[in-house]
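Enquirer: Sharing a structure, written as structure tokens. Questions coming.
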Amino acid sequence: MEASQPVIHHHPSKLPCPGPELNAPLQEWDKTAFSPPPQILPFVAIICGSGLGGLADLLENSVAFPYKDIPRFPQSTVPGHAGNLVFGELQGKACVCMQGRFHYYEGYSIAMVTYPVRVSTLLGVETLIVTNAAGGLNPKFNVGDIMLIRDHINMPGLFPCMSDAYDADLGRLAREVAEEQGCSSFLQQGVYCNVGGPAFETVAESKILLSLLADAVGMSTVPEVIVARHHGLRVFGLSLITNLLDSEELERNDEGRKGEYCSCVEGMMGRIHCKQNDLLV
Numbered sequence: 001m002e003a004s005q006p007v008i009h010h011h012p013s014k015l016p017c018p019g020p021e022l023n024a025p026l027q028e029w030d031k032t033a034f035s036p037p038p039q040i041l042p043f044v045a046i047i048c049g050s051g052l053g054g055l056a057d058l059l060e061n062s063v064a065f066p067y068k069d070i071p072r073f074p075q076s077t078v079p080g081h082a083g084n085l086v087f088g089e090l091q092g093k094a095c096v097c098m099q100g101r102f103h104y105y106e107g108y109s110i111a112m113v114t115y116p117v118r119v120s121t122l123l124g125v126e127t128l129i130v131t132n133a134a135g136g137l138n139p140k141f142n143v144g145d146i147m148l149i150r151d152h153i154n155m156p157g158l159f160p161c162m163s164d165a166y167d168a169d170l171g172r173l174a175r176e177v178a179e180e181q182g183c184s185s186f187l188q189q190g191v192y193c194n195v196g197g198p199a200f201e202t203v204a205e206s207k208i209l210l211s212l213l214a215d216a217v218g219m220s221t222v223p224e225v226i227v228a229r230h231h232g233l234r235v236f237g238l239s240l241i242t243n244l245l246d247s248e249e250l251e252r253n254d255e256g257r258k259g260e261y262c263s264c265v266e267g268m269m270g271r272i273h274c275k276q277n278d279l280l281v
């Protein structure tokens, strides 16, 4: 469903705090933030990783805004990123899905890579779910496994403190949902390492990352998590393992597990509640 021209809107209790890494002033975020249909005011934002935008197709009463129609919004240039901001309901809960994210290797600054997270806070979002396609480093992982991100390694380094980046309660909820859905046999847990890209890591580089206790590696996610935590959002992350350290087929992807990934997120949405209702998991 195509949307009409967005109008300016912001959630007054979610004004962002500018930091030294930003190159966009508050008024620019405010001009980008717009009001979705009145009945769809999201409190959860979901960033869909490469090839994982199908999750947005599960939303009911959905309205899609192409990135190109949103003032000052970056544009997706990578295959597998459709470039739509989709508002709707998942398991009866209002949310917004990003069908496509932005990467540092596309030429964007970190401020622009994380721009949508800043805008989400103006819309009243309280919880951020980040997903990605990642390379598996842990020898116990298989292609098609889904990794619950419990921590990350960020080579460039940004503020603030990240000792509690990923919400423990949401992690427990994910494991419960996976058990109920029969997915626990391929639900892993581990540390995600963010690198610059866009080239895949060499074997030597992968082994170095493994020695640093990284379980999976990718080229996104961490900057978004840092900004989300800077704003006080709860964060939960999933990685779909699409290739392995010793794999010769670097583009290999287990399409079947995309369905399980979507089911896991959908199952979680049914149990995540808005802060103002004091019903957090």
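Numbering (the UniProt record's numbering), first residue to last: 1 to 281. For each residue, glycine too, the CB sits at the ideal point set by N, CA and C.
Would you mind sorting GLY124 into buried or exposed? The rule is 16 or more other CB atoms within 10 Å of its CB.
Expert: In the sequence shown, residue 124 corresponds to position 124, counting from 1. Classification for GLY124: buried.
Enquirer: Terminal residues of the continuous beta strand (DSSP E) containing ASP151?
Expert: Position 151 of the sequence shown holds residue 151. Run containing ASP151: 146-154, per the beta strand (DSSP E) assignment.
Enquirer: Distance, Cα to Cα, THR127 vs PHE43?
Expert: Against the sequence shown, residue 127 aligns to sequence position 127. Against the sequence shown, residue 43 aligns to sequence position 43. So the two alpha carbons sit approximately 6 Å from each other.
Enquirer: Counting along the chain, where does the beta strand (DSSP E) carrying LEU85 start and finish?
Expert: On the sequence shown, residue 85 is found 85 positions in, with the first residue counted as 1. Its beta strand (DSSP E) spans residues 84-90.
Enquirer: What first and last residue would you give for the alpha helix (DSSP H) that runs through TYR115?
Expert: Translated into positions along the sequence shown, residue 115 becomes position 115. From DSSP, the alpha helix (DSSP H) with TYR115 extends over 115-122.
Enquirer: Might you give, ordered along the chain, the residues of its own chain that have their beta carbon closer than 8 Å to the beta carbon of SER163, omitting 5 neighbours on each side?
Expert: In the sequence shown, counting from the first residue as 1, residue 163 sits at position 163. Once the five neighbours on either side are set aside, SER163 has no close Cβ partner at all.
Enquirer: Inspect the CB distances between the region 46-58 and the region 92-109 and report whether three or more fall short of 8 Å.
Expert: In short, these stretches touch, since the Cβ pair count reaches three.
Enquirer: DSSP three-state call for TYR192: helix, strand or coil?
Expert: To locate residue 192, count along the sequence shown from 1; it is residue 192. Three-state result, TYR192: strand.
Enquirer: Could you tell me the alpha carbon to alpha carbon distance between LEU250 and LEU209, rounded to whole angstroms?
Expert: By one-based count along the sequence shown, residue 250 stands at place 250. By one-based count along the sequence shown, residue 209 stands at place 209. Per-residue confidence for LEU250 stands at a pLDDT of 47, beneath the threshold of 50, marking its modelled position as unreliable; the derived number appears in the next sentence. If I take the Cα positions, the gap works out to 17 Å.
Enquirer: How about the region 103-110 and the region 193-206: do they share at least three Cβ pairs that are nearer than 8 Å?
Expert: Output reads yes: the region 193-206 touches the region 103-110.
Enquirer: Taking only the alpha-carbon atoms, compute the straight-line gap between THR202 and LEU41 and give it to the nearest angstrom.
Expert: On the sequence shown, residue 202 is found 202 positions in, with the first residue counted as 1. On the sequence shown, residue 41 is found 41 positions in, with the first residue counted as 1. Roughly 44 Å between the two C-alpha positions.
Enquirer: In angstroms with no decimal places, state the Cα-to-Cα distance between MET122 and GLU179.
Expert: The residue given as residue 122 occupies position 122 in the sequence shown. The residue given as residue 179 occupies position 179 in the sequence shown. The question names Met, yet the displayed sequence has Leu at residue 122. Near 35 Å, if we compare the C-alpha coordinates of GLU179 and LEU122.
Enquirer: If you scan the region 156-228 from start to end, which runs of the beta strand (DSSP E) of 3 or more residues do you find wholly inside it?
Expert: Entirely contained in the region 156-228, the beta strand (DSSP E) runs reaching 3 residues are, in chain order, 187-194, 216-218.
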